[in-house]
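Trainee: Residue numbering for the sequence shown follows this note's numbering, beginning at 1 and increasing consecutively.
Glycine residues also receive a C-beta, built at the ideal position from the N, C-alpha and C atoms.
Submitted below is the structure of interest, expressed as structure tokens.
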Amino acid sequence: MQTTSQTNPRKPDWLKIQLRVGKNYSDLKEIVSHGNLHTVCQEALCPNIYECWDRRAATLMILGDVCTRSCGFCNVKTGRPTWHDPDEPQRTAEAVRQMGLKHCVITSVNRDELLDGGAAIWAETIRAIHELNPDCTLEVLIPDFKGDEIPLKTICDANPEILGHNIETVPRLYSAVRPQADYLQSLDVLRRSKNFGMRTKTAMMVGLGEMKGEVIETIKKVAETGCDILAIGQYLQPTRNHHAVDRYVHPSEFDFYREEGLKQGLKWVESGPLVRSSYHADAQASALIEKA
């Protein structure tokens with residue numbers, strides 16, 4: 001994996017963020033802390049945490065904060081997870097209620113050591129959120145479950161409004177930044193989820209060392225699965241021990257990728273330097289569900 005042994009490209013002005021630490025941000029931080037919950041916003045050092053939390057949008061992370069995989073772009077801790085909390089689904093549902101969310105995004109670490117990859121907890125969490133928050137739409141961002149269809153169907157049967165699984169990067173870079181995953185397997189997760197009747201979503205980063213043509217081809221392959229929503233954003237190196245930034249992609253190139261995705265038949269493409277998979281997820285869900 002290529003880490004920073006030399007200075008990264010200078011960060012451009014378009015990646016500067018506005019800090020918004022208002023009451024909503026403080027309220028959500030308090031709810032997460034008191035509920036003993038994890039958020040990908042915090043664990044992944046998301047640049048949009050201030051904006052999103054200020055408008056009461058957060059991505060909750062279940063099954064602990066230790067992942068069994070070690071992707072070169074991700075800041076979530078890697079190791080042997082010990083987290084097991086049978087009350088987590090209900091606590092998560094209660095946190096969604098306290099936050100007053102109208103659209104909720106749930107994700108998780110990989111739990112490859114569990115026989116079902118954590119799918120039973122996933123399904124229980126989905127049902128608990130729906131039961132306690134009947135007016136809240138739910139988006140899940142799931143692992144690949146090593147290609148096993150049974151855990152995937154368990155989650156789909158719990159009926160989240162949107163099912164996401166991230167493709168992350170172009171196939172050539174998988175061995176460097178996502179060595180424990182498989183590009184074709186991730187495409188298959190999206191394809192199978194669509195066959196199970198799900199609205200589907202995926203996301204990828206640019207600036208990892210991919211070529212423009214590779215991004216276009218990946219967009220095409222994603223669209224061929226029947227995927228509804230694609231998010232494309234700039235890779236930002238979490239620490240010097242992670243994969244180095246190859247380049248900072250100009251906003252005009254993100255505009256090009258958005259147009260390319262729409263041409264390929266995707267219903268929504270969120271593409272921009274600070275875009276992450278959950279960015280503006282509420283607007284995406286609302287648009288898709290209204291069209292259904």
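Taking only runs that begin and end inside the region 77–115, name each unbroken alpha helix (DSSP H) of 4 or more residues, in chain order.
Mentor: Correct list: 88–99.
Trainee: Can you give me the Cβ contacts of ASN110 inside the same chain, cut-off strictly under 6 Å, excluding the 5 residues immediately before and after it?
Mentor: Result list for ASN110: CYS67, THR68, ARG69 and PRO143, in chain order.
Trainee: Less than 7 Å between the C-beta atoms of THR107 and LEU132, yes or no?
Mentor: For THR107 and LEU132, no; Cβs fall outside 7 Å.
Trainee: Can you tell me whether DSSP reads LYS201 as helix, strand or coil?
Mentor: Three-state DSSP puts LYS201 in a strand.
Trainee: Could you check where the alpha helix (DSSP H) with SER299 kicks off and where it finishes?
Mentor: For residue 299 there is no data in the structure shown, the boundaries of the chain being 1 and 292.
Trainee: Report yes or no: do the region 146–153 and the region 183–201 share at least 3 C-beta pairs separated by less than 8 Å?
Mentor: The region 146–153 vs the region 183–201: in contact.
Trainee: Hey, is LYS146's beta-carbon within less than 7 Å of any beta-carbon in chain C?
Mentor: Any reference to chain C falls outside this structure, which holds one protein chain only.
Trainee: Is SER186 closer than 7 Å to ILE162 when the C-beta atoms are compared?
Mentor: The answer is no: Cβ separation not under 7 Å.
Trainee: Helix, strand or coil for PRO273? Go by DSSP, reduced to three states.
Mentor: Note: PRO273 maps to coil in three-state DSSP.
Trainee: Using the three-state DSSP reduction, which class does GLU168 fall into: helix, strand or coil?
Mentor: Looking at GLU168 - three-state DSSP - the assignment turns out to be strand.
Trainee: As a quick exercise: from ASN75, TYR257 and SER26, pick the residue whose alpha carbon is nearest that of ARG240.
Mentor: Nearest C-alpha to ARG240: ASN75.
Trainee: Can you tell me the Cα-Cα spacing of ILE62 and HIS34, whole angstroms?
Mentor: About 15 Å.
Trainee: Beta strand (DSSP E) containing GLU139: first to last residue?
Mentor: 137–141 is the extent of the beta strand (DSSP E) around GLU139.
Trainee: Please state the DSSP three-state secondary structure of ALA313.
Mentor: Shown here, the chain extends from 1 to 292; a query on residue 313 therefore has no answer.
Trainee: So which of ILE289, GLY265, GLY100 and THR125 has the shortest CA-CA distance to THR308?
Mentor: With the chain represented from 1 up to 292, any question about residue 308 goes unanswered, as that position is not in the structure.
Trainee: Excluding the five sequence neighbours on either side, which residues of its own chain have a C-beta within less than 6 Å of the C-beta of TYR183, listed in chain order?
Mentor: Excluding positions up to five away in sequence, the list reads PRO171 and TYR174.
Trainee: Which residue's Cα is closest to the Cα of HIS84: THR137, ALA244, GLY118 and GLU290?
Mentor: The shortest Cα separation from HIS84 among THR137, ALA244, GLY118 and GLU290 belongs to GLY118.
Trainee: Could you work out which residue in TYR248, ILE232 and ARG276 is closest to GLY261 when comparing CA atoms only?
Mentor: With distances taken between Cα atoms, GLY261 lies closest to ILE232.
Trainee: When you compare only the Cα positions, how much space is there between PHE256 and SER271?
Mentor: Near 9 Å, if we compare the C-alpha coordinates of SER271 and PHE256.
Trainee: Helix, strand or coil: how does DSSP classify CYS156 here?
Mentor: Helix at CYS156.
Trainee: CB-CB under 6 Å to GLU214, same chain, minus the five flanking residues each way: which ones, in chain order?
Mentor: For GLU214, where only same-chain residues beyond five positions count, the Cβ hits under 6 Å are VAL170.
Trainee: Would you call ASP282 buried or exposed, if buried means 16 or more other Cβ atoms sit within 10 Å of its Cβ?
Mentor: Classification for ASP282: buried.
Trainee: Can you tell me whether ALA231 is helix, strand or coil according to DSSP?
Mentor: Three-state DSSP puts ALA231 in a strand.
Trainee: What is the C-beta distance between ALA128 and ALA181, in whole angstroms, given that I count them as a contact (C-beta under 8 Å)?
Mentor: Their Cβ separation, rounded to whole angstroms, is 28 Å, which puts ALA128 and ALA181 out of contact at 8 Å.
Trainee: Given a threshold of 16 other Cβ atoms within 10 Å of its Cβ, counted over all protein chains shown, does GLY207 qualify as buried or as exposed?
Mentor: Result: buried.
Trainee: Looking at the secondary structure, which residues open and close the alpha helix (DSSP H) in which THR218 lies?
Mentor: Its alpha helix (DSSP H) spans residues 212–224.
Trainee: So for MET61, helix, strand or coil by DSSP?
Mentor: Strand.
Trainee: Ends of the alpha helix (DSSP H) at SER26?
Mentor: Unbroken alpha helix (DSSP H) run through SER26: 23–34.
Trainee: Once DSSP output is grouped into helix, strand and coil, what is the label at LEU236?
Mentor: The answer is coil: DSSP assigns LEU236 none of H, G, I, E or B.
Trainee: Could you have a look at LEU266 and say whether DSSP puts it in helix, strand or coil?
Mentor: Note: LEU266 maps to coil in three-state DSSP.
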